[in-house]
Amino acid sequence: MNNKSSTLTNTSLSRKVVSAACDGACRGNPGPGGWGYLLRYSDGTVEELGGFENHTTNNRMELSACLALLERLRELPKDPGLAIRTDSKYVIDGFSQWLPNWKRNGWRKASGKAVINRDLWEKLDVARISDVNLQHVKGHSGDPDNDRCDQIAVNYSYSGLDT
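Just so we're aligned, residue 18 is where the sequence shown starts under my numbering, counting upward by one.
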């Protein structure tokens with residue numbers, strides 16, 4: 018996964034993350050894809066990060082966005098009750114419902130088929146933060162943070178090296 022920081026301001030440890038969002042995008046499925054996340058801090062600053070893959074799927078980009086965000090959040094002070102806002106039901110359902118069963122069943126779905134994107138699901142499971150939940154937001158509905166994350170992801174899917 019290739020990353021480039023889009024915006025990073027004021028790294029003071031006295032501030033807390035008060036809002037977090039992430040999204041993924043793919044042109045074709047599979048095709049070139051991008052992901053993005055956004056953090057809002059108590060001091061009003063915003064941090065954004067995005068990345069890209071040349072040949073991927075939308076689901077992999079959704080998972081990559083959430084993974085990058087969780088890994089970053091591990092390093093930061095957080096407001097109590099912080100939730101990651103995403104429009105991906107796949108990420109939310111997999112993380113909160115399916116993952117425990119997949120692990121119990123040797124990374125097999127109820128149908129007996131292998132879990133797709135197992136590598137990212139395993140990393141997400143390790144990156145889990147017990148007091149940070151995932152919250153669904155309807156995509157493309159005018160939610161400013163979700164719309165911005167979508168814009169970051171789409172931009173990376175078009176020109177990851179030039180974004």
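For every residue, glycine included, the Cβ atom is placed at its ideal position computed from N, Cα and C.
| query | result |
| --- | --- |
| DSSP-derived helix/strand/coil call for N172 | helix |
| Assigned exposure category for V143 - 16 Cβ within 10 Å defines buried | exposed |
| Simplified DSSP state of E92, which is helix, strand or coil | coil |
| 6 Å CB neighbourhood of W119 in its chain, flanking five on each side removed | V132 |
| Collapsed DSSP secondary structure at G6 in the structure displayed | The requested residue 6 is not part of the displayed model; the chain covers only 18 to 180. |
| As assigned by DSSP and simplified to three states, the class of V63 | strand |
| Limits of the unbroken beta strand (DSSP E) element including N150 | 150 to 153 |
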